[in-house]
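Chains as they are written, first to last, in my numbering: chain R, 610 to 932; chain S, 610 to 932; chain Y, 24 to 344; chain L, 24 to 344.
Each residue gets a CB set at the ideal place from its N, CA and C atoms; glycine is no exception.
Source: prediction; values computed, not measured.
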Amino acid sequence: MPKLSYAKALNRALGDEMARDESVFVMGEDIHLALTQTTTGLLDRFGPRRVVQTPLSEQGFTNFATGAAMAGRRPVVEYQIPFLLLLVVEQIANQANKFALMSGGQTRVPVTYLLPGTGWRPGWGAQHSDQPYSVFAHLGVKTVIPATPTDAYGLLTTAIRDDDPVMVFAPMPALGIREDVDYADLAPVPLGVGLVRRSGTDVTVVAVGHLVHDALAVAEELAGEVSVEVFDPRSLYPFDWAGLAASLERTGRLVVFDDSNRSCGLAGEILATAAEEMRLDAPPKRVTRPDGAVVIGCAPALDLAVQPSRAQLTTAIRAVLKS
Amino acid sequence: MPKLSYAKALNRALGDEMARDESVFVMGEDIHLALTQTTTGLLDRFGPRRVVQTPLSEQGFTNFATGAAMAGRRPVVEYQIPFLLLLVVEQIANQANKFALMSGGQTRVPVTYLLPGTGWRPGWGAQHSDQPYSVFAHLGVKTVIPATPTDAYGLLTTAIRDDDPVMVFAPMPALGIREDVDYADLAPVPLGVGLVRRSGTDVTVVAVGHLVHDALAVAEELAGEVSVEVFDPRSLYPFDWAGLAASLERTGRLVVFDDSNRSCGLAGEILATAAEEMRLDAPPKRVTRPDGAVVIGCAPALDLAVQPSRAQLTTAIRAVLKS
Amino acid sequence: MNPAGFYKTMRLIRRFEERAIELVRSGDIASGIHPCIGQEAVAAGVCAALRPDDIVLSNHRGHGHLLAKGSDPGRFLAELAAKDTGIDRGRAGSFHPSDFTVGVYGASGTVGHGAAIAAGVAWAVGQDSDRVVVSFFGDGAVSQGALLESFNLAALWRVPVVFVCENNYYATTLPADTAIAGTVTGRAEAFGIQAYTVDGQDPDVVFEAAARAVGRARAGGGPSLLEFSTYRYEGHHTFERTMRLRYRDEAEVARWRARDPLALQASRVAPEVRERIDAEIEALLDEAVRYAVESPQPDPLDAFDHLYAGGMPVRAGVSHA
Amino acid sequence: MNPAGFYKTMRLIRRFEERAIELVRSGDIASGIHPCIGQEAVAAGVCAALRPDDIVLSNHRGHGHLLAKGSDPGRFLAELAAKDTGIDRGRAGSFHPSDFTVGVYGASGTVGHGAAIAAGVAWAVGQDSDRVVVSFFGDGAVSQGALLESFNLAALWRVPVVFVCENNYYATTLPADTAIAGTVTGRAEAFGIQAYTVDGQDPDVVFEAAARAVGRARAGGGPSLLEFSTYRYEGHHTFERTMRLRYRDEAEVARWRARDPLALQASRVAPEVRERIDAEIEALLDEAVRYAVESPQPDPLDAFDHLYAGGMPVRAGVSHA
Ligand SMILES: Cc1ncc(C[n+]2csc(CCOP(=O)(O)OP(=O)(O)O)c2C)c(N)n1
Ligand SMILES: Cc1ncc(C[n+]2csc(CCOP(=O)(O)OP(=O)(O)O)c2C)c(N)n1
Ligand SMILES: [Mg+2]
Ligand SMILES: [Mg+2]
C-alpha cells in the first residue's frame, strides 16, 4: 500500500473535490506555488480561476468567499498562519456563519477555511504559534481537526461538501505524518463522529489533533501498568458526546490532552460536559497549554515548557487512577 | 445616599481617572456626543485631544491605541457594539497583549477596552447580540465584567491603572441598574477577586455580570427551600479560583449561570476547574446560551428561548440538590 | 424609467418607512429602524438601472434598496416586526434583510463589509453570466479597511460590481469631513476604479449615472464607484427620537429638506396620476400593516431553524437532568 | 551622512545577515530569518535622517532597521538565537525584535499593522515633542485594510509619521503587480498624504527623500509616504533555500544584482577606508557571533516572565494533583 502523508492527503482531497464539483475553488496567499503544499499541482489542473491567488487582504477575501458561496460556489479559503484566523473571526463567526440564519433559510454559506499548520512552529515567534480552534467551537462554527492522513482526507472532503462554514485545523506537527493507505478506501468522514483509536478499560484519554499520536505512544508505554483508551474526537464542534459517554461508561476515568490554552478551551468543555452528564469515578484531569497565550515561539526551552507533553500526560493518567 | 447608575458609574470612573492622570484618554465612535453615555461631559472637561472621536476604523484605532500606550499613554478604547470586538481579536490578543512579552519587558501596553452594552439588545439582530468574553479569557487577555455600579466604577478604574490590556464588559441589561452609594466609598476593585453576594450553605451559584441580579432574585425566591450562595467572580481572567474553592468547601454543589455560548464558554471552564480541583458532592450544572451563536435578536420569543433564564436556574438548583 | 414610475417607487419607500416608524412607536417593531427618508432617489434610481436578475447587497439603511428591487411590502413589514411570515421568517428584522427572490443577498451589519461580499458574488456570477451586482454603503463605510480591500480585489479581478456610496454626510453622529481624509471617490480611484460624485436627490440623475456604471460592468469593464450626495431627514436610528443629539444644525437640515427628492419627483407627475398612485400605495400599505401586525410570532420551538444546514441539532444551554 | 558612514552601516547590515544565515545553517537560529540583503540602502538612508530620539516601527524583514538605528549587533544576534542575553531576552527572535534603547518599538508579525501602531506612537509623542516616527512595511502590506485605515487616521490628525514602503516587488511569492491595483503612492495620496516613489538602491537618494519627509513631519506638516524601489537578493525567508520556488526570473534577479547598493556605496569610499571598516565590522561580528552562540538559553522556569505586568501568576496547563 502506498504511503500517504497528511499534507498530501489534504492536497488530494482538495483536488478530488475540485474534479468532482465545478463549484469548488480554492483561494489564498502563495497558493500558485503551493507554499503550504495543499495546492500542489492544482493550478496546472484547474487554472487560475479555480486556484485564486490573493493579495494580503484576509478580511476582504474571507468576505469575498462568503459572497461567492451565496452565489453557489464552494470556496476553500486557505490561511498560511494560524493567527490570520484571528484577523477574520468576525467575518467567519459573525457574518459567514450567520447569513443562512438571517436569511431565514433562503441561502447557505458553504465555505471551508483551511489551516495547514496550526500551533507551535519552532522559532516563529509569539504571534505565530497559536491554536485558536476553541474560539470557533465557542462561537458555533463547525470545526474539525484531523489526526491522520486518512482523516485529513475524509474530514476536508466532508467540510467542502457541507452546506455550512467549516474550519479545518491541520496541526503543524501532524503535517508530516504518513500512513499506509489504499486510495480506494479514502472517503468522507462525517462530522461529530469520534473514534476510539485504542481500546482500554482503566481510563479514557481524549486527545486532540496531533496529540492523538502522543497519546497512543503514552498508552503503549504504559500498557503493562494501565489500560488506556484513546478517544480522538476528530470534530470539535459538533462533538461526539455520545461516543465520549460510551467510553466513560467503560472506564469511568478521564484525562483530556489538548494543545489549546487552558482557560475556556476545548479540554475544559470536555471536562465540564463529562462532569455534568457522564460517568466519572474520579475527578477528571486535563493536560493543556497554560492559561494565556504564552508560546513564545523563539527559544525551544521556553516553548516546550508551556506545551502539553507526554510526560505530563503520563503523570496525569497515573494521578487520575490513584484518586 | 445618592443613587448611581451603572452607566453613570463608568462615566464617573473614566472622568476621575482622566482628571487624576493626564496620560489617560478615551477614543471611540460617537463619543463626542456620548452616544453610550460613557463619555458624557468629558469633551467639555478634557477637550478633543483626550476625547478622540474616530472614524469607523476599529482595527486601525485599536492598533493606534497600542502605539499610544507604548508611548506612555493609557488609552481607553470604546466599542459601541459587542461584535466590533470580534473585528479586533487579533489586534488585542495577538498584538497588544503580546508586545510586552515580545519586548522582553522593555515596554507595556496599558490599554483598556470598554464595551458598554454587550449581549442581547431586543430587535438588534443576530450580529449584535453576542457576549464574546469567553474568547478573551481563553486568549489570555485580562477580562472583567462588573455586575453593579460600585464594581463598574471599581473595575474600570483598576483596568485603566493596570499595566496590561484589560477588557471591560458591561452587559446591556446591567447598564440601567442603580445603587445607593457614598461617592467616597468608590474605589478600585482588584482583578481576580470575586465576591460572595449572598451567603448560603446548600449550593454555590456562580453568576456572571448582569445575571448576578437574576441569581440573587432566584436565591431569594428559593430561600425557604434551599440556602443558595451567590458568587460573583467579577473578573473572568484572572479568576478567583480560591474564592470559588472556599465557597464549594461550604456547599459542595455548583451551578454556573452564564450568558455565553455553552461550548468552550466561561461556565464550562468553571465546571471543569471545579471538577478537577474542588469539593463537589454532586455533578455540577450550568445554565448558559446553547451551543452556537443563535441569539437572533429580532423576535423576542425566539431570543428568550436561547438565553439563560431564572426558570432554568431554579430547575438547575433543584436538580443539583437532588443528586 | 418614466416619471410616474420613479414617483411610485419613491413614494412607496417614503410611506413604507413612515408606517414602519408608527409601528416602532406602537411597539410592533421592537428593533426600531434606520430610516432612509430623504435618500429615496438613490435606491429608486440605482435599482431602475438593474435587471431583475441583477443582485444587490444592502446595508443597515436598506429598506429602500429592497423595495426598489421589488420586495413585497407586506412580507417586508412582517419581517421588520420579526414575524414568521416575514421575508426572512423574522430572522433578519430591520437590520439584516435579504430577499433572494428579488436578488437582494442580505445586509451585513458590519459597516463596509458588504462590499467584499458583493465583490465575491459578482466574481462568481460574472464567470458565466452578464449579471451585475450593486453594493450599497454609507460614507462611514469608506474608512473601514475591509471595504478598501474589496476595492482592490474588485479592480484586480475586474468583477462586475458597482459600489454605491450614499454619502449623507454623517455616520451616526460623526461628520464625514472629520472622518474622511481626502475624498470618497479618491479612495476608489486609487485602485484604478472609475468614480463619480453625483447628485443623489434626483432619480433621473441617479439613474443615468447608475445605468452607465451598470452597463460598463455588464460589458466586462469592471467595477465603478458612484458617490451620491444625499441626506437623511430622520435620525440615524429611531432611537434618536428619544435622545437630544445635536450634531446637525437646523439651517443645514432645512437646506436639504428644500431638496426633498420625493417633492421634486412629485412635481414631474400630473396631480391626478399622483393621486392615483398615492391611493394605491396607501391601500397596499394598509394591507401590509395589517398583515405584519396580525401575522404570528415565530414559535420559540423553531429557534434553531436555519442555524445549521440539515437542521444539525445543538445542545441546549442547560445541562441534561 | 558621509559616504564612509553609509558604507559602514550597509556593510554591517549585509555582513550581519550573512553571519546570521550561517547561524541558521548551523541550527543556532532555529527560526530562520527574513534577510534584507539587497535592501540595505533603505534602512541606512532612512535612519540617517532620524535623530536618536526618533522612533521606528519595524516589520518581519527588520534587521537592517535595528542596526541602522543603532542596535548592538551582539545582543541582536543573541536575540535571533533566542538567548536570554538578547535585546528582548529571546522573546522576540528574528520575527519581532524591538530595542527601546534606540527607539525601535517593535515589529508586528501582522503584515501592515505596524503602520497603525506607528501612527498611534506618533500621535502621542507629537503632542509634547518634535519627535518623528517611521513605519517600515513592504509592498504586500498595502493591500491590508488596517494599513489603509492608518493612512486615514494619520492624515486626519496630521501625526508626525513617515510611512516607508520597501517595495521589493514580491510579497513572499506574490508579484506586486498581481496584487496591487493602482499604485502604492496612489493609495497614500487618496488620503491627502504626500507620496513619492524613490530609488531605494542609493543611500544618498534615500536619505534626501527621507530627510525631507522627516523634516516635514517634525515641523508639524503631517505624514508622508515614501515608496523605495528595491529588491531582496535572497529568498523571502531562509526556508526558501530548501524549496524550489521559481517566481522570479534570473534576468530580473541579475538586473537588480547589478544595482547592489553596497557595491554602489563601496565605489564611493576609498579602498583603504573600506578595508579598515570591513575589518572593524568583521571583528565586531566575530565577537557578536561568539556572544550569541555562547550566551545561555533562557531558563524554562522564566517562561512566564513579561507575560503580565507585575508577574501575575497563571495556571499551569496541568490540573493540580
Ligand atoms: C464596522 C462597524 N463599525 C461600527 C458600527 C456601528 N454603526 C452602525 S451604523 C453606523 C454609522 C454608519 O454610517 P454610514 O456608513 O455613513 O451610513 P448611514 O448610517 O449614514 O446610512 C455605525 C457607526 C458597525 N455596525 N460596524
Ligand atoms: C496580515 C498577514 N498576512 C499574511 C502574513 C504572512 N506573511 C508574512 S510576510 C509576508 C509577505 C510580506 O510581503 P511584503 O509586505 O512585500 O514584505 P517583504 O517580505 O517583501 O519584505 C506574508 C504573506 C502575515 N504575516 N500577516
Ligand atoms: Mg452616512
Ligand atoms: Mg515585498
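Q: Report yes if the CB atom of Asp841/R is closer than 8 Å to the CB atom of Gly728/R, and no otherwise.
A: Walking along the first sequence from the start, residue 841/R turns up at place 232. Walking along the first sequence from the start, residue 728/R turns up at place 119. No, they are not a contact pair.
Q: Please state whether DSSP places Arg807/R in a helix, a strand or coil.
A: The residue labelled residue 807/R in the question sits at position 198 within the first sequence. Of the three classes helix, strand and coil, the one that applies to Arg807/R here is strand, per DSSP.
Q | Residues near Ile769/R by beta carbon distance below 7 Å, same chain, minus five either side | A | Against the first sequence, residue 769/R aligns to sequence position 160. So the qualifying residues of the chain are Glu626, Val633, Arg683, Val685 and Thr721.
Q: Quick one: residues in its chain with C-beta nearer than 8 Å to the C-beta of Pro96/L, no 5 flanking neighbours on either side, listed in chain order?
A: Indexing the fourth sequence from 1 puts residue 96/L at position 73. Around Pro96/L: Leu35, Phe39, Leu90, Leu307, Leu308 and Ala311.
Q. Does any C-beta atom of chain Y lie closer than 8 Å to the C-beta of Ala67/L?
A. On the fourth sequence, residue 67/L is found 44 positions in, with the first residue counted as 1. Not closer than 8 Å to any Cβ of chain Y, the Cβ of Ala67/L fails to qualify, so no.
Q) According to DSSP, what are the bridge partners of Arg787/S? A) Here residue 787/S is taken as the residue at index 178 of the second sequence, counted from 1. Ser614/S.
Q) For Pro336/Y, which of Glu886/R, Pro731/R, Lys751/R and Thr924/R has the nearest alpha-carbon? A) By 1-based counting over the third sequence, the position of residue 336/Y is 313. The option with the nearest alpha carbon to Pro336/Y is Lys751/R.
Q | Nearest to Leu103/Y (by Cα), restricted to the options Ala274/Y, Tyr314/Y and Ala177/Y | A | Counting from one through the third sequence, the residue named residue 103/Y turns up at place 80. Nearest in C-alpha terms to Leu103/Y, of all of Ala274/Y, Tyr314/Y and Ala177/Y, is Tyr314/Y.
Q. If you draw a straight line from the alpha carbon of Val229/Y to that of Val221/Y, how long is it in whole angstroms?
A. Taking the first residue of the third sequence as 1, we reach residue 229/Y at position 206. Taking the first residue of the third sequence as 1, we reach residue 221/Y at position 198. Straight-line Cα distance between these residues: approximately 7 Å.
Q: Evaluate Lys894/R with the Cβ neighbour count: other Cβ atoms within 10 Å of its Cβ, from every protein chain shown; 16 or more gives buried, anything less gives exposed.
A: Along the first sequence, read from residue 1 onward, the residue named residue 894/R stands at position 285. Buried: at least 16 other Cβ atoms inside 10 Å.
**Q.** Secondary structure of Arg895/R, DSSP reduced to three states
**A.** Numbered from 1 along the first sequence, position 286 holds the residue referred to as residue 895/R. Reduced to three states, the DSSP call for Arg895/R is strand.
Q: Using three-state DSSP, classify Glu189/Y as helix, strand or coil.
A: On the third sequence, residue 189/Y is found 166 positions in, with the first residue counted as 1. Three-state DSSP puts Glu189/Y in a strand.
Q. Leu176/Y touches chain R at which residues, Cβ-Cβ below 9 Å?
A. Here residue 176/Y corresponds to residue number 153 of the third sequence, with the count starting at 1. Near Leu176/Y (Cβ distances below 9 Å), the residues of chain R are Thr663, Pro664, Ser666, Gly669, Phe670 and Phe673.
Q. For Ile60/Y, which option in Ala53/Y, Phe214/Y and Met33/Y has the closest C-alpha, if you only look at C-alpha atoms?
A. For the purposes of this step, residue 60/Y is taken as residue 37 along the third sequence, with counting starting at 1. It is Met33/Y.
**Q.** 9 Å Cβ cut-off: residues of chain R touching Leu219/L
**A.** Translated into positions along the fourth sequence, residue 219/L becomes position 196. The question names Leu, but residue 219/L is Tyr in the sequence shown. Going along chain R, no residue has its Cβ under 9 Å from Tyr219/L, so there is no contact; the nearest lies around 23 Å.
Q. Quick one, which residues of the region 799-828 of chain S are near chain Y if we go by CB-CB under 8 Å, in chain order?
A. none
Q) Nearest chain Y C-beta to Gly143/L closer than 8 Å, yes or no? A) For the purposes of this step, residue 143/L is identified with residue 120 of the fourth sequence, where counting begins at 1. Chain Y, which has no Cβ nearer than 8 Å to the Cβ of Gly143/L, makes this no.
Q. For Arg297/Y, which three-state DSSP category applies?
A. In the third sequence, counting from the first residue as 1, residue 297/Y sits at position 274. Of the three classes helix, strand and coil, the one that applies to Arg297/Y here is helix, per DSSP.
(Q) Against chain A, with Cβ distances strictly below 8 Å, would Ile786/S count as a contact? (A) Absent from the structure: chain A. Protein chains present are R, S, Y and L.
Q) Any residues in the region 885-898 of chain S with a beta carbon nearer than 9 Å to a beta carbon of chain Y? Which ones, in chain order? A) Pro892, Pro893, Lys894, Arg895, Val896, Thr897 and Arg898
Q | Outcome for Asn25/L when other beta-carbon atoms lying within 10 angstroms are tallied against a minimum of 16 | A | Walking along the fourth sequence from the start, residue 25/L turns up at place 2. The residue in question, Asn25/L, is exposed, as its Cβ has fewer than 16 Cβ neighbours within 10 Å.
(Q) Looking at Asp823/S: is its Cβ nearer than 8 Å to the Cβ of Arg717/S? (A) The sequence position of residue 823/S within the second sequence is 214, counting from 1. The sequence position of residue 717/S within the second sequence is 108, counting from 1. Result no, Cβ atoms of Asp823/S and Arg717/S do not sit closer than 8 Å.
Q: Could you tell me whether the Cβ of Met711/S comes closer than 8 Å to any Cβ of chain L?
A: Residue numbering aside, residue 711/S sits at position 102 when the second sequence is read from its first letter. True, the Cβ-Cβ gap to chain L drops below 8 Å.
Q) Skipping 5 residues on each side, what residues in its chain have a beta carbon closer than 8 Å to that of Arg42/Y? A) Mapped onto the third sequence, residue 42/Y falls at position 19. Taken in chain order, the residues that qualify are Leu100, Leu308, Ala311 and Val312.
Q) Rounded to a whole number of angstroms, what is the C-alpha to C-alpha distance between Phe692/R and Glu699/S? A) The count along the first sequence starts at 1 and reaches residue 692/R at position 83. The count along the second sequence starts at 1 and reaches residue 699/S at position 90. Those two C-alpha atoms are separated by around 7 Å.
Q. When burial is assigned at 16 or more other CB atoms within 10 Å of the CB, is Arg658/S buried or exposed?
A. Numbered from its first residue, the second sequence carries residue 658/S at position 49. Arg658/S is exposed by the Cβ-count criterion.
Q: Find the nearest neighbour of Ala142/Y within the set Glu257/Y, Asp122/Y, Ile78/Y and Leu268/Y, judged by alpha-carbon distance.
A: Within the third sequence, the letter at position 119 stands for residue 142/Y. Closest option to Ala142/Y, Cα to Cα, is Ile78/Y.
Q | Inter-residue Cα distance where the pair is Ala816/R and Pro198/L | A | Your numbering for residue 816/R matches position 207 in the first sequence. Your numbering for residue 198/L matches position 175 in the fourth sequence. Distance between the alpha carbons of Ala816/R and Pro198/L: 41 Å.
Q. For Asp868/R, does the three-state DSSP call read helix, strand or coil?
A. Sequence index remark: in the first sequence, residue 868/R carries index 259 (1-based). Correct three-state label for Asp868/R: strand.
Q: Compute the distance between the beta-carbons of Gly877/R and Ala881/S, then report whether it is under 8 Å.
A: The residue you call residue 877/R lines up with position 268 of the first sequence. The residue you call residue 881/S lines up with position 272 of the second sequence. Taking 8 Å as the Cβ cut-off, Gly877/R and Ala881/S qualify as a contacting pair.
Q. Would the beta-carbon of Thr195/Y be found less than 7 Å away from any heavy atom of ligand 1?
A. As a working mapping, residue 195/Y is identified with position 172 in the third sequence. Yes, the beta carbon of Thr195/Y sits closer than 7 Å to at least one heavy atom of ligand 1.
Q | Proximity winner among Gly68/Y, Thr124/Y, Arg154/Y and Ala177/Y, relative to Glu189/Y (alpha-carbon distances) | A | For the purposes of this step, residue 189/Y is taken as residue 166 along the third sequence, with counting starting at 1. Considering only alpha carbons, the answer is Gly68/Y.
Q.
Closest to Arg843/R by C-alpha separation, out of Gly669/R, Thr645/R and Pro758/R, would be which residue?
A. Here residue 843/R refers to the residue found at position 234 when the first sequence is read from its first residue. Among Gly669/R, Thr645/R and Pro758/R, the Cα nearest to that of Arg843/R is on Pro758/R.
Q) What do you reckon, are the CB atoms on Phe745/S and Ala702/S nearer than 8 Å? A) Looking up residue 745/S in the second sequence gives position 136. Looking up residue 702/S in the second sequence gives position 93. Cβ distance < 8 Å, so Phe745/S and Ala702/S count as in contact.
**Q.** Identity of the residue in Asp653/R, Gln668/R, Thr663/R and Gly734/R nearest Ala105/L by Cα
**A.** By 1-based counting over the fourth sequence, the position of residue 105/L is 82. Nearest C-alpha to Ala105/L: Gly734/R.
(Q) Can you find the residues in the same chain that come closer than 8 Å, C-beta to C-beta, to Leu268/L, ignoring five residues on each side of it along the sequence? (A) To locate residue 268/L, count along the fourth sequence from 1; it is residue 245. Answer for Leu268/L: Thr196 and Gly258, listed in chain order.
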